[in-house]
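What follows is one structure encoded as structure tokens, with my remarks underneath.
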Amino acid sequence: MPYVLLLLFLILMVMVVLNIKIVPQATVFVVERMGAYQATWETGVHFTIPFVDRVAKKVSLKEQVVDFNPQPVITKDNVTMQIDTVVFYQITDAKLFAYGVERPIAAIEHLTATTLRNIIGELELDNTLTSRDVINTKITATLDVATDKWGIKVNRVELKNIIPPREIQDAMERQMKAEREKRESVLRAEGEKRSQILVAEGEKESAILRAEAVREQKIREAQGEAEAIMMVQKALADSIKLLNEANPSSAVLTIKGLEAFQKAADGKATKIIIPSEIQSLAGLATSFKEVMTEPQAVELEGNKPSEM
Numbered sequence: 003m004p005y006v007l008l009l010l011f012l013i014l015m016v017m018v019v020l021n022i023k024i025v026p027q028a029t030v031f032v033v034e035r036m037g038a039y040q041a042t043w044e045t046g047v048h049f050t051i052p053f054v055d056r057v058a059k060k061v062s063l064k065e066q067v068v069d070f071n072p073q074p075v076i077t078k079d080n081v082t083m084q085i086d087t088v089v090f091y092q093i094t095d096a097k098l099f100a101y102g103v104e105r106p107i108a109a110i111e112h113l114t115a116t117t118l119r120n121i122i123g124e125l126e127l128d129n130t131l132t133s134r135d136v137i138n139t140k141i142t143a144t145l146d147v148a149t150d151k152w153g154i155k156v157n158r159v160e161l162k163n164i165i166p167p168r169e170i171q172d173a174m175e176r177q178m179k180a181e182r183e184k185r186e187s188v189l190r191a192e193g194e195k196r197s198q199i200l201v202a203e204g205e206k207e208s209a210i211l212r213a214e215a216v217r218e219q220k221i222r223e224a225q226g227e228a229e230a231i232m233m234v235q236k237a238l239a240d241s242i243k244l245l246n247e248a249n250p251s252s253a254v255l256t257i258k259g260l261e262a263f264q265k266a267a268d269g270k271a272t273k274i275i276i277p278s279e280i281q282s283l284a285g286l287a288t289s290f291k292e293v294m295t296e297p298q299a300v301e302l303e304g305n306k307p308s309e310m
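Throughout the sequence shown, residue numbering follows the working numbering, covering 3 to 310 in sequence.
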């Protein structure tokens, strides 16, 4: 009898332990009683009734990420491309998540694909490649409204890859190469233009400096010549002043006149005008020369032998 009671006690303890449920943080349990929804257990310790209650679904409340396979889409200008998406979602109502849809992740995937096709079908290829943010926003808004009745909150949707056809990729690569070559040519032309401008500016400044140097040289030469002329004129004026102060005689004046005539008759002039005073002096000099030579002639005649 004691063994039977001990066995019953052990069985009772095992059943109690098996029906103790501990719900971890950020997780909820959906509990059913007799096959019908009973309650949603949150974090803590809970007990189930043996053979009556059961945990139908364990739901994580953390934000989750699902990466969907690439989906074929057609743009407005009839270009077929492959786009794969990443969806960030979070379960807000465990009951709706458990009973709202049979396969919630598959439902989100198909809803994402159809929404993506609708949005891309209104855009051309170039707009599709440059409007990721717009596409992400539109898909997020559509999915958030559609999944609300499933107890799911779609936080955001990102386009992971946009893969156009190979020929389109080749055309885009050629276009980008042409754009790079164009920018390179423009930059090279701008560099050459800038270089020529700098060279021209340098030559201009050099010419200005040379002209200023020549002008300064001529100014200094003119100033030097002017000072020399002034000094010569001053010396001449001083000599005339000294000559007047010395009260020269007519003989001195005559000698000065002869010196001036000598300078004038240096052979460089083509025509010489001789003043009358100098002419008379010249005649006087000639007469004086004749007088000086006559005694010599007489002396020679006196010494001449007489004729027989």
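The C-beta atom is built at its ideal place from N, Cα and C for all residues, glycine as well. What you are looking at is a predicted structure, and each value in this text was computed from that prediction instead of being measured.
{"Check": "Cutoff 6 Å; reference I121; Cβ partners in own chain excluding five residues on either side", "Outcome": "I137 and K140"}
{"Check": "Buried or exposed by the 16-neighbour rule on C-beta atoms within 10 Å, applied to F49", "Outcome": "exposed"}
{"Check": "Alpha-carbon to alpha-carbon, V201 and E192", "Outcome": "14 Å"}
{"Check": "Counted within 10 angstroms of its Cβ, other Cβ atoms place Y5 as buried (16 or more) or exposed", "Outcome": "exposed"}
{"Check": "Whole-angstrom distance between Q40 and I13, CA atom to CA atom", "Outcome": "26 Å"}
{"Check": "Residue range of the unbroken alpha helix (DSSP H) whose run includes E111", "Outcome": "P106 to I122"}
{"Check": "As assigned by DSSP and simplified to three states, the class of K23", "Outcome": "strand"}
{"Check": "Span separating the alpha-carbon of V67 from that of F90", "Outcome": "5 Å"}
{"Check": "C-alpha gap between K179 and L189, whole angstroms", "Outcome": "15 Å"}
{"Check": "Spatially closest choice to P106 from G153, D135 and G226, by CA coordinates", "Outcome": "G153"}
{"Check": "Nonlocal neighbours in the same chain, by C-beta distance under 7 Å from N157, ignoring five residues either side", "Outcome": "E65, F90, Y91 and Q92"}
{"Check": "Neighbour flag for I141 against chain C, beta carbons, 7 Å", "Outcome": "The structure shown contains no chain C; it holds only a single protein chain."}
{"Check": "Nearest-angstrom Cβ-Cβ length linking T94 and V159, presumed shorter than 8 Å", "Outcome": "Rounded, the Cβ-Cβ distance is 17 Å, inconsistent with contact."}
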